[in-house]
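K.L.:
There's a structure below that I have some questions on.
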Amino acid sequence: METLSRRPRAPRGLLILFGTVVALPAATLVFLGVRLLQQDRELARQRRAETLQQASDRAVRALDDDLATLQRRLSDPSWRPSQAPPGTAFVLMARDEVRADPPAALAYSPVIPRMKEPPTAPFGELEAAEFKAQDLAKALEVSRSLAGSTDPAVRAGALLRQARILRKMGRSADALAIYDMLAAFSTISINGSPVDLLARRTRCLLLAEMKRTGEHRQEAAALDADLGAGRWQLDRVGYEYVSAQLDQWLGSARRPHADAERLAAAVEWLHQQWTRTPGGELSPNGARSLSVAGALVTVVWGSAGGRMAALVGGQEHCQRAWLTTAQTAAGPAEVSFFTAAGPGPPPTPVAGDTLVTRRSAADTGLPWTLIVTLGSDVDAARFEGRRRMLLAGLAAILVLVAAGSYLVVRSRNREIALARLQSDFIAAVSHEFRTPLTALRQFNELLDEAGDLTPEKRRIYYQAQTRATERLHRLVESLLDFGRMEAGRRPYTLQRVDAGALVRDVIQEFQREIEGRGFDLRCSVEPGEHPVDADAEALARALWNLLDNAVKYSADRREIDVSVGRTSDRVSISVRDRGIGIPSGDEKRIFQKFVRLAAATSRGIKGSGIGLAMVQHIVAAHGGTLRVASVEHEGSTFTIVLPLQEP
Ligand code: ADP
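If you count by our numbering, then the sequence shown holds residues 23 to 669, one letter each, in order.
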């Protein structure tokens, strides 16, 4: 009995099961998932690096094409400058001539046209009077007569000297008027400096001396405006001299001509390169970027024969034209330029997954170094979508593994529970057998040993023996029957019987079984017939089982009511007791094989747990139903309902 009642041990086995079925595959899956995600991220990075490379290649090619076209145009001898885009200038150069279009685009020029200079000969007498004799009045008179000359160069020279003499004589207002006249001479220069520019500069100086501040500022501003508008073709020294003077006069109010100065510097560089190396280092066609005063200036040139044509463009043009070209070609990537000669790119903060590539001017042959960046958001959506799919797939597999594991564990649990029930069953059946066997042995001994028994006593002992034998018989029969039912081999021979009569017969027999145990077993059968199709023996066994349970599970109130009734199409057989009842929630369980409730086992009530399963089997085989209604501690009613048949 000890061995039979030993329970299968679950926890350790379950742990191993859980480990092998759930934890191991789940951990493997998670590991593989993480690896897969890492690889995917690496792949995404490689793809983005390729995208960036291709984008920068496209940008380089597009710029190369653009510049090559421009160089071809510039090196065509028939090309003439026209319509330079804003912020640029076209320049056409010969060794001793530089023409810019528009002229105002350059602040100064490496070569300036020669203008007519006043001769010195006519001014000998004037200068002798002015400097040697110090006779200013005479010198003034001579200058006045020379100012009437028909030669504008002589006239300009005379007027200049006249203004100088007047200043010496302290007649500043008269000198001012003379300089005003000189400001109208635009084709004469003195020592390479245009006379009108000289006259206007001197007027500014005089006005400053005379403390006519308002006029001084006005004239200086007008001079600056004309300088910026390219009124004079000056060389670098001339321009810087005037510019420095204007800075002094106008101070911070002055707006510098920075663009024109930068373009001029670039043209000067090109001219120097070209003239310094005739047919030498400077390639006939080319492009170069220069950093002038911290800004980018690009020069594209083409030369043929003795002429050189070029386009110089400032930073703005670079952005507008070439950067746009590069940007359009580079697609999702961002392009920025900087000059190879300049200070280099500002350190780009590379945020997150942003990729950067640098295409240096030396590698690409372009005049700029290109920085191409691919933001982390580019292509991110595509990869993010794939990553999400991957994660969803992994999650689905995990769910499947978990569900599968749950099923395995559950079925394993069920197996364990069943094994436990079976071992309980064997223990219970053994007990069931032991009682009648013990009774039989005891009565045998009594009959054997006590020789002087009265016939009455003997009869009682034999009756007790018979009951024990019948009990054993019923036990064996019901076990065999249960076995056959389980195997689906229990044959039922249905015949029309009267349920009322059958119930009365069973009760009569059962009454004998429980005789002397103090039970009040009542039976009420509704008047009339209760025809049903039944296997009388099986139905009787079912009813016996219900009665047996009613007896076993009755506590102090030993009352059992059996009733037979009918409706229009059904016959019902109820067995009611006032016993321990069934806790709510357990009503369904009790019909499963081997199930015994705690109330039964804890009270030591004998049973095998197959009775109700058998009853249900039999009732179902009769096309009927078995119901239970119970209140714990108050009692239970089991009802067999069968289809009513014709009498
Ligand atoms: P057993 O041999 O244990 O009586 P059954 O299949 O007949 O097996 O019954 C299953 C369980 O149902 C019993 O162990 C008991 O817990 C409960 N049970 C059956 N009939 C009654 C009843 N009339 N009153 C209370 N509990 C009952």
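Where is the CB? At the ideal position from N, CA and C, for every residue including glycine. All figures in this text were calculated on a predicted structure; none of them were measured in a lab.
Are the C-beta of residue 646 and some C-beta of chain B separated by less than 8 Å?
P.N.:
Included in the structure is just one protein chain, with no chain B present.
K.L.:
Would you say residue 677 touches the ligand ADP, meaning its beta carbon is less than 7 Å from a heavy atom?
P.N.:
An answer regarding residue 677 cannot be provided, because it is not within the stretch 23 to 669 covered by the chain.
K.L.:
Classify residue 422 as buried or exposed, calling it buried when 16 or more other Cβ atoms lie within 10 Å of its own Cβ.
P.N.:
Looking at its Cβ environment, which holds fewer than 16 other Cβ atoms inside 10 Å, residue 422 is exposed.
K.L.:
Can we say the region 116–125 touches the region 153–164, given the rule of at least three CB pairs closer than 8 Å?
P.N.:
No: the two stretches stay apart, fewer than three of their Cβ pairs being nearer than 8 Å.
K.L.:
Quick check: does the Cβ of residue 658 come within less than 7 Å of any heavy atom belonging to the ligand ADP?
P.N.:
Yes, Cβ of residue 658 sits closer than 7 Å to a heavy atom of the ligand ADP.
K.L.:
Going by other Cβ atoms of all chains shown within 10 Å of its Cβ, with 16 needed for buried, is residue 658 buried or exposed?
P.N.:
Buried is the call here.
K.L.:
Look at residue 250 and residue 293 and say whether their C-beta atoms are less than 8 Å apart.
P.N.:
Cβ atoms of residue 250 and residue 293: not closer than 8 Å.
K.L.:
Can you give the Cα-Cα distance for residue 309 and residue 317, rounded to whole angstroms?
P.N.:
Their Cα atoms are separated by approximately 16 Å.
K.L.:
Considering residue 118, what are the terminal residues of the alpha helix (DSSP H) in which it resides?
P.N.:
That residue, residue 118, is in no alpha helix (DSSP H); it is neither H nor E in DSSP.
K.L.:
Tell me the start and end of each unbroken beta strand (DSSP E) in the region 55–134 that is at least 3 residues and wholly inside, in chain order.
P.N.:
Runs of the beta strand (DSSP E) inside the region 55–134: 110–116, 119–123.
K.L.:
Only counting the same chain, and skipping five residues up and downstream in sequence, which positions put a Cβ closer than 8 Å to that of residue 667?
P.N.:
Hits under 8 Å: 518, 553, 554, 555.
K.L.:
Please check the pair residue 128 and residue 289, which I expect to be a contact at CB under 8 Å, by giving their CB distance rounded to whole angstroms.
P.N.:
Confirmed, Cβ separation roughly 6 Å.
K.L.:
Let me know if residue 479 comes out buried or exposed under the rule of 16 or more other beta-carbons within 10 Å of its beta-carbon.
P.N.:
The residue in question, residue 479, is exposed, as its Cβ has fewer than 16 Cβ neighbours within 10 Å.
K.L.:
According to DSSP, simplified to helix, strand and coil, what is residue 268?
P.N.:
Three-state result, residue 268: helix.
K.L.:
What is the DSSP secondary structure of residue 617, reduced to helix, strand or coil?
P.N.:
Coil, per DSSP.
K.L.:
What would DSSP say about residue 517, mapped onto helix, strand or coil?
P.N.:
Residue state, collapsed to three classes: strand.
K.L.:
Leaving out five residues before and five after residue 282 in sequence, what residues of the same chain have Cβ atoms less than 8 Å from its Cβ?
P.N.:
126, 127, 128, 129, 250, 252, listed in sequence order.
K.L.:
Going by DSSP, what residue range makes up the beta strand (DSSP E) through residue 660?
P.N.:
Where residue 660 is concerned, the enclosing beta strand (DSSP E) stretches over 657–665.
K.L.:
Could you check whether the Cβ of residue 625 sits closer than 7 Å to any heavy atom belonging to the ligand ADP?
P.N.:
No, since every heavy atom of the ligand ADP falls outside the 7 Å radius drawn around the Cβ of residue 625.
K.L.:
Considering only the alpha carbon of each residue, which of 134, 617, 624, 100 lies closest to residue 286?
P.N.:
Residue 134 is the option with its Cα nearest to residue 286.
K.L.:
Who pairs with residue 360 in a beta bridge, going by DSSP?
P.N.:
In the DSSP output, where bridge partners are listed per residue, residue 360 has 391.
K.L.:
If distances are taken between C-alpha atoms only, which option among 651, 79, 613 comes closest to residue 606?
P.N.:
Closest option to residue 606, Cα to Cα, is 651.
K.L.:
The beta strand (DSSP E) spanning residue 496 covers which residue range?
P.N.:
Not the beta strand (DSSP E): residue 496 falls in the alpha helix (DSSP H), residues 477–509.
K.L.:
Can you give me the C-alpha to C-alpha distance between residue 106 and residue 322, rounded to a whole angstrom?
P.N.:
Distance between the alpha carbons of residue 106 and residue 322: 13 Å.
K.L.:
Around the Cβ of residue 411, are there at least 16 other Cβ atoms within 10 angstroms (buried) or fewer (exposed)?
P.N.:
Classification of residue 411: exposed, given that the 10 Å Cβ count is below 16.
K.L.:
Check whether the Cβ of residue 617 sits closer than 7 Å to any heavy atom of the ligand ADP, and report yes or no.
P.N.:
Result yes, Cβ under 7 Å from the ligand ADP.
K.L.:
Three or more C-beta pairs closer than 8 Å, one from the region 583–600 and one from the region 523–531: is that the case here?
P.N.:
They touch, by the three-pair rule.
K.L.:
Under the three-state reduction of DSSP, which class applies to residue 427: helix, strand or coil?
P.N.:
Three-state result, residue 427: helix.
K.L.:
Please confirm if the region 618–627 is in contact with the region 534–549, defined as three or more CB-CB distances below 8 Å between the two stretches.
P.N.:
No, the region 618–627 is not in contact with the region 534–549.
K.L.:
Say the cut is 7 Å; is the CB of residue 565 nearer than that to a heavy atom of the ligand ADP?
P.N.:
No, since every heavy atom of the ligand ADP falls outside the 7 Å radius drawn around the Cβ of residue 565.
K.L.:
Between which two residues does the beta strand (DSSP E) carrying residue 377 extend?
P.N.:
Here the beta strand (DSSP E) through residue 377 covers 377–381.
K.L.:
Please state the DSSP three-state secondary structure of residue 466.
P.N.:
Helix.
K.L.:
Considering only DSSP beta bridges, list what residue 599 is partnered with.
P.N.:
BP columns for residue 599 point to 582.
K.L.:
Taking one C-beta from the region 255–262 and one from the region 93–108 each time, how about it: are there three or more such pairs within less than 8 Å?
P.N.:
As far as the Cβ criterion goes, the region 255–262 does not touch the region 93–108, which means the pair count is below three.
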